[in-house]
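Participant: Once you've had a glance at the structure underneath, I'll fire off some questions.
Chains as they are written, first to last, in this note's numbering: chain D, 109 to 485; chain X, 654 to 877; chain V, 7 to 115.
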């Protein structure tokens, strides 16, 4: 055992001395490789963490949201609609919701206004999301004015700013009382935006939705499972930018491996011949080259993965921010809960370490098995 | 010690450029002596030496080393014997560029798994014997011709082989260095090692250090 | 120092760091758990249905609530003209058949 270990250390010594002869080239290779792994791992970690968090958090979403459609477009819920639902078995609670969008010309940003019951927000007061507060410099007890779509100016006092931890959900929210909402948007009396229903038994939800659809043919029920499914496919690898990054990374990697695998120079062949002539077996040469492949690819993978972890969970995936932010003005500051999808990381490992090591081994195979007398010539 | 029976070697067999380098060599080499092979280029001296030194196999014929038939052994055992019993000094030295003299010298011992400290100590001893100690850390491409040759010799000695094989050892050396080389050879004999070498150089072949001269021409022995 | 010792040592450090990471993520820390539960409670209280990731337009802000026709869509289910369009696929409900909206009436036409 000791002999085996010492032998491997000897082989590693030789490999490293050999790599050190072309220091810049090999360090450049290592860096490029690490960068590749870093980008891919960051993408994987980020999308997985975002998806898990969305799934966990949105599990609190209403079981059924009922929208009303007129000519394929979303329309308001008229008065009395709520009662038409009647008493469908399994529906515990039905609540008309009031929410909408407001465009703020000061920041060129869109806000989401939601009406809340009086015990949460009093008339004349609003609660705002943290990103909004940050962008407009708002704090508790500050006042802010909005010009409604009818041209009137409404002034509100901020009674609370929502927690910064919830920015991912509440970045652009403005919560106000129902009366304020209705007067601000000149919402027709008795109308609602949509209806939120809670169903006790999760297995009953589809049946309830079907009953609703038949009772109210112009309605469109949106189930919680559909909400969750939407966020399961966020950043799916088939989506545009993710696919582009992935394709680019894979291409870069293939070029790297191809360059390695595309044959030995005469110098390298000669060296393998010399090694065999001085007493190395074929197996020793192959083991040495395997170490070369493993050392570089393992180091690159581990470094890239650790850097990706720190990047995503401590720096909030700063590199992806411009992409995600796009044309938004308000972008939530959020720290994802660290979570790793073992399977994806293992896949990344297999697809980076093994192909590279194989790419290093393939060209030397023939040279390693020939008789060393060719060296003499 | 080494017996060759009807050794024949062909290159590119069954192809249009088939070439027979050796046409049936029968030879017996004594232990502890220096045997020199002389002959013009193309006479097969180098080929013969590679077969004796287990670097290649004969096309037909047998090689016996200390009574054991080694020409038919599988690669692993052959490499083992090569490593333990034979030390090769190539005409072109064949040192690995970019590595230091020390690293080159201990390289043949790597597969044995001996501890590095032991190898470095042994290399140190050999360097002292060959008066190379001050150059052990230098990269081999910076060494002079004579120093490179001594590094090549040191490398051949690291595994304490019984047989040293040197191919045209003085071809790249001046007279002074050639004489130094012959002195080293005498040291080998004194230590009980067997030496085989090839040479055109009369300084080598006619030297008192050489016990036996074997002539070769066109793949056959001339004077036995 | 012997190069192989350096290399193996460095690899050992990196592997340990990786194991540490896996150890860290295997269990939710107390604060993270609290944070997640607080957010879930907020979702329940306010009846939220979407993350506020893409606030560029209303149909990117609430992708799960988006309707079939919106401005600047080349395809009824496509979010486009925003970078977010290449990150989010259209919600499954928009790509399903909507024959049911044709309205199955109980009385003959």
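Even for Gly, the Cβ is constructed at its ideal location relative to N, Cα and C.
Output needed for residue 401 of chain D: all residues of its chain with C-beta closer than 7 Å, excluding positions within five of it in sequence on either side, in chain order.
Facilitator: 464, 465, 468 and 469
Participant: Got a sec: is the Cβ-Cβ distance from residue 119 of chain D to anything in chain X below 8 Å?
Facilitator: yes
Participant: Throw me the rounded Cβ distance for the residue 207 of chain D and residue 301 of chain D pair, which I believe falls under 8 Å.
Facilitator: 5 Å
Participant: With 16 other CB atoms within 10 Å as the buried threshold, where does residue 331 of chain D fall?
Facilitator: buried
Participant: My output table needs one value for residue 772 of chain X: the three-state DSSP class, helix, strand or coil.
Facilitator: helix
Participant: To the nearest angstrom, how far is it from the Cα of residue 394 of chain D to the Cα of residue 826 of chain X?
Facilitator: 36 Å
Participant: Below 8 Å on C-beta distance, what does residue 115 of chain D contact in chain X?
Facilitator: 763, 764, 765 and 766
Participant: Within 8 Å (strictly less), CB to CB, does residue 33 of chain V reach chain D?
Facilitator: For residue 33 of chain V, the answer is no, since every Cβ of chain D falls outside 8 Å of its Cβ.
Participant: Helix or strand or just coil, what does DSSP make of residue 130 of chain D?
Facilitator: If DSSP states are grouped into helix, strand and coil, residue 130 of chain D belongs with coil.
Participant: Keeping to the same chain, check which residues put their C-beta closer than 8 Å to that of residue 307 of chain D; ignore five residues upstream and five downstream.
Facilitator: 171, 172, 198, 199, 200, 313 and 316
Participant: Could you tell me which whole alpha helix (DSSP H) segments of length 4 or greater appear in the region 222-251 of chain D?
Facilitator: Runs of the alpha helix (DSSP H) lying entirely within the region 222-251 of chain D and spanning at least 4 residues, in chain order: 238-244.
Participant: Below 8 Å on the Cβ atoms is my guess for residue 429 of chain D versus residue 303 of chain D; work out the distance and round it to an integer in Å.
Facilitator: No, residue 429 of chain D and residue 303 of chain D are not in contact; Cβ-Cβ is about 36 Å, not under 8 Å.
Participant: So is residue 423 of chain D in contact with chain V if we call contact Cβ pairs under 8 Å?
Facilitator: no
Participant: Anything in chain D within Cβ reach of residue 769 of chain X, meaning under 9 Å, just list it in chain order.
Facilitator: 114, 117, 118 and 121
Participant: For residue 16 of chain V, which of D:432, D:162, D:439 and D:404 has the nearest alpha-carbon?
Facilitator: D:404
Participant: Which residue's Cα is closest to the Cα of residue 769 of chain X: X:755, X:781 and X:715?
Facilitator: Scanning X:755, X:781 and X:715 for the CA closest to the CA of residue 769 of chain X turns up X:755.
Participant: For residue 292 of chain D, count neighbouring Cβ atoms within 10 angstroms of its own Cβ and tell me buried if that reaches 16, exposed if not.
Facilitator: By the neighbour-count rule (16 or more Cβ atoms within 10 Å), residue 292 of chain D is buried.
Participant: DSSP has residue 675 of chain X in a bridge; who is on the other side?
Facilitator: X:662
Participant: How big is the Cα-Cα spacing for residue 758 of chain X and residue 134 of chain D?
Facilitator: 25 Å
Participant: CB-CB under 8 Å to residue 159 of chain D, same chain, minus the five flanking residues each way: which ones, in chain order?
Facilitator: 339, 340, 342 and 343
Participant: What's the gap between the Cα of residue 804 of chain X and the Cα of residue 355 of chain D?
Facilitator: 51 Å
Participant: Would the beta-carbon of residue 821 of chain X fall within 8 Å of that of residue 846 of chain X?
Facilitator: no
Participant: So residue 430 of chain D is in the alpha helix (DSSP H); what residue range does that whole segment cover?
Facilitator: 429-433 is the span of the alpha helix (DSSP H), which, as asked, contains residue 430 of chain D.
Participant: Three-state secondary structure (DSSP) at residue 115 of chain V?
Facilitator: With a pLDDT of only 48 at residue 115 of chain V, under 50, the local geometry of the prediction cannot be trusted, and no value is derived from it.
Participant: Could you tell me the distance, in whole angstroms, from the CA atom of residue 223 of chain D to the CA atom of residue 363 of chain D?
Facilitator: 56 Å
Participant: Who does residue 869 of chain X pair with in a DSSP beta bridge?
Facilitator: X:874
Participant: Assign residue 741 of chain X to one of three DSSP states: helix, strand, or coil.
Facilitator: strand
Participant: To be precise: take each residue of the region 390-404 of chain D, compare its Cβ to all Cβ atoms of chain X, and keep it if any distance is under 7 Å. Which residues remain?
Facilitator: Residues passing the 7 Å Cβ filter: 390 and 392.
Participant: For residue 115 of chain V, collect the residues of the same chain with a Cβ closer than 7 Å to its Cβ; drop the 5 residues on either side in sequence, then sort them by chain order.
Facilitator: Any answer about residue 115 of chain V is weak, because its pLDDT of 48 lies below 50 and its placement is not dependable; what the coordinates show is given next. So the list is empty, once near-sequence residues are dropped.
Participant: Give the DSSP-derived three-state secondary structure of residue 791 of chain X in the structure shown.
Facilitator: Residue 791 of chain X: coil per DSSP, three-state reduction.
Participant: From residue 185 of chain D to residue 326 of chain D, what does the alpha carbon distance come to, in whole angstroms?
Facilitator: Rounded to whole angstroms, the gap between the alpha carbons of residue 185 of chain D and residue 326 of chain D is 10 Å.
Participant: With a cut-off of 8 Å on the beta carbons, I'd call residue 867 of chain X and residue 874 of chain X a contact; round off their distance for me.
Facilitator: The Cβ separation is near 6 Å, so the contact holds.
Participant: Answer yes or no: does any C-beta atom of chain X fall closer than 8 Å to that of residue 125 of chain D?
Facilitator: yes
Participant: Can you tell me where the beta strand (DSSP E) with residue 208 of chain D in it begins and where it stops?
Facilitator: 207-212
Participant: How should residue 61 of chain V be labelled, buried or exposed, when 16 other C-beta atoms within 10 angstroms of its C-beta is the threshold for buried?
Facilitator: buried
Participant: Would you call the region 53-72 of chain V and the region 431-445 of chain D in contact, with 3 or more CB pairs under 8 Å?
Facilitator: yes
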